[in-house]
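>
Residue numbers (the working numbering): 2 to 321.
Structure, rendered in structure tokens:
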């Protein structure tokens, strides 16, 4: 039984708070995200410093922590949308009080640098949403696959089935992903955990590190050179993390130049690194800094089924 609690689903008229815990954001994306959420029948509130700027960051550490703390404590808020990633969420670790959040749990939404907050949420016993943020909600069409998937998860009812890429299950929903020649076939269940590899790596050895046993780990990254990615993965290997996993989902690694010193392309190097493990491993899953960035419930009980023809990730969101 998964001990991670899912926050309540949303309904029309519920409040969502948009805040900026990391880097500063173009105000156009705040406006666009507000309009998108409002089109779903939600009430949107911008945190005091959501549109501020302090050098590279959205605001000072003090102000970013205050905005997030206020949102966590807000009894009337049902979700918190992080406007963007970048860098800076690590400044907030150890500065937050989750006492009221546990009384009024809500969805934390975001990815990239927001992986920090996902780790914090799971440490406190709550699931969160690794999902598109303000820019995506602004620039993508209203019928964008990932936008609609995010909406469906928040409202607790899947309605989209484009090309059967999302299918309702008896107690949840499934994503179907294309096969990859490097995949390890197999079937496994566990707790889905992960996010941005470099960000999660920064919490290794801390109380907010991702536990390995019973975990189906998903990873993605942007702008990291292949040798740096391989080095981080070797840390997980040598530290005994990889051998304890129940499954591994290798997502999209983008905006880098191939480093020929690895002797092969990145996925090939990672395939060599994990070839000894007999649990299911997926390459090229649709998660990362790409337009098709599937919303994943971080902390959910899932089943990963990899066959010759497809990859199926099923969220068992009502396991009892």
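Every residue, glycine too, gets a C-beta built ideally from N, C-alpha and C.
Should residue 130 and residue 22 be called a contact, given that it needs their Cβ atoms to be closer than 9 Å?
By one-based count along the chain shown, residue 130 stands at place 129. By one-based count along the chain shown, residue 22 stands at place 21. For residue 130 and residue 22, no; Cβs fall outside 9 Å.
> For residue 13 versus residue 42, is the C-beta spacing smaller than 9 Å?
Taking the chain shown and counting its residues from 1, the one referred to as residue 13 is at position 12. Taking the chain shown and counting its residues from 1, the one referred to as residue 42 is at position 41. Taking 9 Å as the Cβ cut-off, residue 13 and residue 42 qualify as a contacting pair.
> So the alpha helix (DSSP H) residue 178 belongs to, where does it begin and stop?
Residue numbering aside, residue 178 sits at position 177 when the chain shown is read from its first letter. First-last for residue 178: 173-178, but that is the beta strand (DSSP E), not the alpha helix (DSSP H).
> For residue 193, which of 181, 213, 200 has the nearest alpha-carbon?
Translated into positions along the chain shown, residue 193 becomes position 192. Of the listed residues, the one whose Cα sits closest to residue 193 is 213.
> Identify, in the order they occur along the chain, each residue of the same chain with its Cβ nearer than 7 Å to the Cβ of residue 203, setting aside the five sequence neighbours on each side.
In the chain shown, counting from the first residue as 1, residue 203 sits at position 202. Cβ neighbours of residue 203 beyond the five flanking positions: 91.
> Let me check one thing: in DSSP terms, what residues is residue 46 bridge-paired to?
As a position in the chain shown, residue 46 is number 45, starting the count at 1. DSSP lists 18 as partners of residue 46.
> Under a CB-based cut-off of 9 Å, is residue 151 close to chain C?
This model lacks chain C altogether; it includes just one protein chain.
> Check for me: the alpha helix (DSSP H) holding residue 129 runs from which residue to which?
Taking the chain shown and counting its residues from 1, one reaches residue 129 at position 128. Careful: residue 129 lies outside any alpha helix (DSSP H), inside the beta strand (DSSP E) at 129-131.
> What residue does the beta strand (DSSP E) around residue 138 start on, and which one ends it?
One-based indexing of the chain shown puts residue 138 at position 137. Premise fails: residue 138 lies in the alpha helix (DSSP H), 135-140, not in any beta strand (DSSP E).
> Is there contact here, the segment 263-275 with the segment 299-309, by at least three beta-carbon pairs under 8 Å?
Not touching, per the Cβ criterion.
> Nearest to residue 283 by alpha carbon, out of 230, 187, 7, 299?
Mapped onto the chain shown, residue 283 falls at position 282. That would be 187, whose Cα lies nearest to the Cα of residue 283.
> Using 10 angstroms around the beta-carbon of residue 175, count the other beta-carbons present and answer buried if the total reaches 16, otherwise exposed.
In the chain shown, counting from the first residue as 1, residue 175 sits at position 174. Residue 175 comes out buried.
> Should residue 2 go down as buried or exposed, given a rule of 16 or more other Cβ atoms within 10 Å for buried?
Numbered from its first residue, the chain shown carries residue 2 at position 1. At residue 2 the pLDDT is 38, less than 50, meaning the model places this residue with poor confidence; the figure from the coordinates comes in the next sentence. Exposed is the call here.
> Within its chain, find whatever has a CB closer than 6 Å to the CB of residue 189; leave out the 5 residues flanking it on each side and keep chain order.
Residue mapping note: residue 189 aligns to position 188 of the chain shown, counting from 1. Only 247, 248, 280, 281, 305 meet the Cβ criterion.
> Quick one: residues in its chain with C-beta nearer than 7 Å to the C-beta of residue 216, no 5 flanking neighbours on either side, listed in chain order?
The count along the chain shown starts at 1 and reaches residue 216 at position 215. Same-chain partners within the cutoff: 191, 192, 194, 246, 247.
> Can you list, in chain order, the residues of its chain whose CB lies under 7 Å from that of residue 313, leaving out five sequence neighbours each side?
On the chain shown, position 312 is the one that residue 313 refers to. Once the five neighbours on either side are set aside, the close Cβ partners of residue 313 are 175, 177, 306.
> Can you check the segment 186-265 for any beta strand (DSSP E) of at least 3 residues that lies completely inside it and give the ranges in chain order?
187-197, 216-223, 248-255, all fully within the segment 186-265.
> Report the residue from 316, 310, 298 whose alpha carbon sits nearest the alpha carbon of residue 128.
Against the chain shown, residue 128 aligns to sequence position 127. Checking every option, the nearest Cα to that of residue 128 belongs to 298.
> Where in the segment 63-145 do unbroken runs of the alpha helix (DSSP H), each at least 4 residues long, occur, reported from the N-terminal end onward?
100-104, 116-124, 135-140, all fully within the segment 63-145.
> Please check the pair residue 196 and residue 116, which I expect to be a contact at CB under 8 Å, by giving their CB distance rounded to whole angstroms.
As a position in the chain shown, residue 196 is number 195, starting the count at 1. As a position in the chain shown, residue 116 is number 115, starting the count at 1. Yes, they are in contact, since the Cβ atoms of residue 196 and residue 116 sit about 3 Å apart, within 8 Å.
> Below 8 Å on the Cβ atoms is my guess for residue 29 versus residue 139; work out the distance and round it to an integer in Å.
Sequence index remark: in the chain shown, residue 29 carries index 28 (1-based). Sequence index remark: in the chain shown, residue 139 carries index 138 (1-based). Contact holds; Cβ gap of about 7 Å.
> What are the boundary residues of the alpha helix (DSSP H) that includes residue 308?
One-based indexing of the chain shown puts residue 308 at position 307. From DSSP, residue 308 is part of no alpha helix (DSSP H); its letter is neither H nor E.
> Using 10 angstroms around the beta-carbon of residue 100, count the other beta-carbons present and answer buried if the total reaches 16, otherwise exposed.
Position 99 of the chain shown, counted from the first residue, corresponds to residue 100. Its Cβ having fewer than 16 others within 10 Å, residue 100 is exposed.
> From residue 54 to residue 287, what distance separates their C-alpha atoms?
Within the chain shown, residue 54 is the residue found at index 53, counting from 1. Within the chain shown, residue 287 is the residue found at index 286, counting from 1. Rounded to whole angstroms, residue 54 to residue 287 spans 32 Å at the Cα level.
> If I'm right that residue 271 touches residue 251 with Cβ under 8 Å, what's the distance once you round it to whole angstroms?
Here residue 271 is taken as the residue at index 270 of the chain shown, counted from 1. Here residue 251 is taken as the residue at index 250 of the chain shown, counted from 1. With a Cβ gap of about 6 Å, residue 271 and residue 251 count as contacting.
> If you measure between the beta carbons of residue 85 and residue 26, is that distance less than 9 Å?
In the chain shown, residue 85 corresponds to position 84, counting from 1. In the chain shown, residue 26 corresponds to position 25, counting from 1. Yes.
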